[in-house]
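K.L.:
In my numbering, the protein residues as written are 1 to 574.
Sharing a structure here in structure tokens format.
Rendered as structure tokens:
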């Protein structure tokens, strides 16, 4: 076959693929119109209303074909398995966070550290979460790592260090292990949300906010386990640590390891639960790399293999072929490349030259430059820059607000309960009532997320009501009102976070989706480190001051959501 015939065949094949795509997206359906509208807005800085939309890049055309294939296959067994495994990642996030709050008191009785060191475990966990969100969020977009490896390794790291938390005899070692456990847990939210988004058919994207329902379940589950182990296997509250007792005759009347195993049993149990999640992800279920990630990293053949595997697992047929993807070409649309990428492409030719003396060094430099160039997508246009900065603001002040609420509302409730003559049992029972409201909060967020035109409204209302309830808590003075308002705080907090976690990865293109989500979570975690330090000083002066501090920060989230351009709430999937 001569070159003319080959060129003709390629053109005919490309025409067939593009016409099939046009037929799909011109059928008049809402999903088709939304998808076209989303891609028309990729270069959304054109202010002229009559300007023609830009041509889709080759990557975007391939992404459309992958979307079509996933939509045609529908919601099968594979998608449901991924959904629940990602949900278990959400569960582990707050399962561990709640655990440290419940074990620090028996730890203090055993190890004998004073109140000034009590918050060190929370700081260590937050530092681990922050580093994990940043590093895993970037790793998930690297071709050498990818979604699959990060999906498994985050839980494996949490398992290894989490189980060991029940072993140490010193508070310092516990703090170090806590930080490493947080490092693994920190990558869960951005990774799990990204994976779930890229696996689900577009008519099931409403399941993204439903992932957050696993978080209050984790809180309630941890509280139940703590009440089984800690009261039955802990030292009496009036005993001092054996580390502070020098008289040998008094050792039997102090709190030591043998009489204080309850918190260790809890750590072992949660560590075993974390290992179970890892086993399900790595051993029981054969998770595949995201086809959209493979497309974005130029691995078209592997993407087709994954789609074929998913189809077989679901007892369906995969109609997308490698030939259809290849017909779109290997070259990239220069307009879609980051600045100076043309020079990068030119320099890659050096790798294939006969002169190999500096080949390895050049290859490493080009890989590094390629990753830095990819990050430039986050700031490629003024509107994208505006989006990423506003998302950072939303996450930062959201984490500031709910960290203060989660850490100090129980303390405030307990202190106000003491003034009303309530027992410790009554206070703990109140926690169960309060945290149970998180489940309907997530369900409400999921319901609102199903309609794209209501997503911004839902985020605005839930954050505004979250902030308002924090302010309202300062005005109540009886036990029933304390429970009701605190429960409403957790309801709207859960609703807002469910919406926020689902929307964030959907607002960014696949090649930087994990990075964008990870960076957003990183800034949120950074604020969560500072927030307790500031709130502790405010608490020393005024209980209500802490509530005003948290509520004001959440109002910043509301204003930032209002400043995000409306087109980013349309459910675009590039």
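Beta carbons are placed, not taken as given, at the ideal position from N, Cα and C, and that holds for glycine.
Can you list the alpha helix (DSSP H) stretches of 4 or more residues lying completely in the stretch 478-553, in chain order?
P.N.:
479-506 and 510-539
K.L.:
I'd like to know whether the C-beta atoms of residue 103 and residue 206 end up nearer to each other than 8 angstroms.
P.N.:
Start at 1 with the first residue of the chain shown, and residue 103 comes out as number 103. Start at 1 with the first residue of the chain shown, and residue 206 comes out as number 206. Taking 8 angstroms as the cut-off, the beta carbon of residue 103 is found no closer than this to the beta carbon of residue 206.
K.L.:
Which residue marks the beginning of the alpha helix (DSSP H) containing residue 147, and which one marks its end?
P.N.:
In the chain shown, the residue the question calls residue 147 occupies position 147. That run of the alpha helix (DSSP H) goes 146-164.
K.L.:
Going by alpha carbons, who is nearest to residue 552 out of 467, 202 and 87?
P.N.:
In the chain shown, counting from the first residue as 1, residue 552 sits at position 552. Ranked by Cα distance from residue 552, the first of 467, 202 and 87 is 467.
K.L.:
How many angstroms separate the CA atom of residue 232 from the CA atom of residue 160?
P.N.:
Position 232 of the chain shown, counted from the start, is the residue given in the question as residue 232. Position 160 of the chain shown, counted from the start, is the residue given in the question as residue 160. The straight-line gap from Cα to Cα measures roughly 27 angstroms.
K.L.:
Restricting to Cα atoms, I'd like to know which of 63, 76, 199 and 547 is closest to residue 403.
P.N.:
To locate residue 403, count along the chain shown from 1; it is residue 403. It is 547 whose Cα lies nearest to the Cα of residue 403.
K.L.:
Which residue marks the beginning of the alpha helix (DSSP H) containing residue 291, and which one marks its end?
P.N.:
Taking the chain shown and counting its residues from 1, the one referred to as residue 291 is at position 291. Taken as a continuous stretch (DSSP letters only), the alpha helix (DSSP H) holding residue 291 covers 291-296.
K.L.:
Can you tell me where the alpha helix (DSSP H) holding residue 69 begins and where it ends?
P.N.:
Along the chain shown, one-based indexing puts residue 69 at 69. Residues 58-73.
K.L.:
Name the two residues that bound the continuous alpha helix (DSSP H) containing residue 300.
P.N.:
The count along the chain shown starts at 1 and reaches residue 300 at position 300. Taken as a continuous stretch (DSSP letters only), the alpha helix (DSSP H) holding residue 300 covers 300-313.
K.L.:
With distance defined between alpha-carbon atoms, name the residue in 212, 112 and 480 nearest to residue 89.
P.N.:
Here residue 89 corresponds to residue number 89 of the chain shown, with the count starting at 1. The shortest Cα separation from residue 89 among 212, 112 and 480 belongs to 212.
K.L.:
In chain order, what are the residue ranges of uninterrupted alpha helix (DSSP H) at least 4 long that sit wholly in the stretch 229-270?
P.N.:
none
K.L.:
Whose C-beta lies closer than 7 angstroms to the C-beta of residue 274 among residues of the same chain, with five residues either side of it excluded?
P.N.:
Indexing the chain shown from 1 puts residue 274 at position 274. Correct list, in chain order: 92, 155, 158, 159 and 162.
K.L.:
Within 10 Å of its beta-carbon, does residue 244 have 16 or more other beta-carbons around it, so buried, or fewer, so exposed?
P.N.:
Taking the chain shown and counting its residues from 1, one reaches residue 244 at position 244. Residue 244 is exposed by the Cβ-count criterion.
K.L.:
Would you check if there are 3 or more beta carbon pairs closer than 8 angstroms linking the stretch 434-454 to the stretch 499-518?
P.N.:
yes
K.L.:
Please report the Cβ distance between residue 230 and residue 177, rounded to the nearest whole angstrom; I am assuming they are in contact, meaning their Cβ atoms lie under 8 angstroms.
P.N.:
Counted from its first residue, the chain shown places residue 230 at position 230. Counted from its first residue, the chain shown places residue 177 at position 177. Not a contact, Cβ separation roughly 19 angstroms.
K.L.:
Less than 6 angstroms between C-beta atoms, sequence neighbours within five positions excluded: which residues of the same chain meet that for residue 638?
P.N.:
No statement about residue 638 is possible, as the shown extent of the chain runs from 1 to 574 and does not include it.
K.L.:
Please classify residue 192 as buried or exposed, where buried requires at least 16 neighbouring CB atoms within 10 angstroms.
P.N.:
Taking the chain shown and counting its residues from 1, one reaches residue 192 at position 192. With 16 or more Cβ atoms within 10 Å of its Cβ, residue 192 is classed as buried.
K.L.:
Compute the Euclidean distance between the alpha carbons of residue 288 and residue 432, then round it to the nearest angstrom.
P.N.:
Walking along the chain shown from the start, residue 288 turns up at place 288. Walking along the chain shown from the start, residue 432 turns up at place 432. If I take the Cα positions, the gap works out to 38 angstroms.
K.L.:
Is it right to say residue 558 is buried, meaning 16 or more other beta carbons lie within 10 angstroms of its own, or is it exposed?
P.N.:
By 1-based counting over the chain shown, the position of residue 558 is 558. Residue 558 is buried by the Cβ-count criterion.
K.L.:
What's the C-alpha gap between residue 87 and residue 195?
P.N.:
Locating residue 87 in the chain shown gives position 87, where the first residue counts as 1. Locating residue 195 in the chain shown gives position 195, where the first residue counts as 1. Using only the alpha carbons, I get a separation of about 11 angstroms.
K.L.:
Sort 143, 382, 488 and 510 by Cα distance to residue 565 and report the nearest one.
P.N.:
Numbered from 1 along the chain shown, position 565 holds the residue referred to as residue 565. Out of 143, 382, 488 and 510, 382 has the C-alpha closest to the C-alpha of residue 565.
K.L.:
Residues in its own chain within less than 6 angstroms of residue 219 by CB, not counting five upstream and five downstream?
P.N.:
Indexing the chain shown from 1 puts residue 219 at position 219. Excluding sequence neighbours, residue 219 sits near 94, 98 and 435.
K.L.:
Could you tell me the distance, in whole angstroms, from the CA atom of residue 23 to the CA atom of residue 323?
P.N.:
For the purposes of this step, residue 23 is taken as the residue at position 23 of the chain shown. For the purposes of this step, residue 323 is taken as the residue at position 323 of the chain shown. For residue 23, the predicted structure reports a pLDDT of 45, less than 50, and the residue's modelled location is therefore unreliable. A value from the coordinates is still provided. The straight-line gap from Cα to Cα measures roughly 19 angstroms.
K.L.:
Measure from the alpha carbon of residue 151 to the alpha carbon of each residue in 182, 187 and 168, then state which is nearest.
P.N.:
Locating residue 151 in the chain shown gives position 151, counting from the first residue. Of the listed residues, the one whose Cα sits closest to residue 151 is 187.
K.L.:
From which residue to which residue does the alpha helix (DSSP H) around residue 110 run?
P.N.:
Here residue 110 refers to the residue found at position 110 when the chain shown is read from its first residue. 77-111 is the span of the alpha helix (DSSP H), which, as asked, contains residue 110.
K.L.:
What does a CB cutoff of less than 6 angstroms around residue 304 pick up in its chain, not counting 5 residues either side in sequence?
P.N.:
Locating residue 304 in the chain shown gives position 304, where the first residue counts as 1. The answer, listed in chain order, is 322.
K.L.:
Using alpha carbons as the reference points, say which of 481, 498, 440 and 141 lies closest to residue 463.
P.N.:
For the purposes of this step, residue 463 is taken as residue 463 along the chain shown, with counting starting at 1. Distance from the Cα of residue 463 is smallest, within the candidate group 481, 498, 440 and 141, for 498.
K.L.:
Please report the distance separating the alpha-carbon of residue 408 from that of residue 493.
P.N.:
Along the chain shown, one-based indexing puts residue 408 at 408. Along the chain shown, one-based indexing puts residue 493 at 493. Approximately 15 angstroms between the Cα atoms of the pair.
K.L.:
If we count the other Cβ atoms within 10 Å of its Cβ and call it buried at 16 or more, is residue 140 buried or exposed?
P.N.:
Within the chain shown, residue 140 is the residue found at index 140, counting from 1. Buried: at least 16 other Cβ atoms inside 10 Å.
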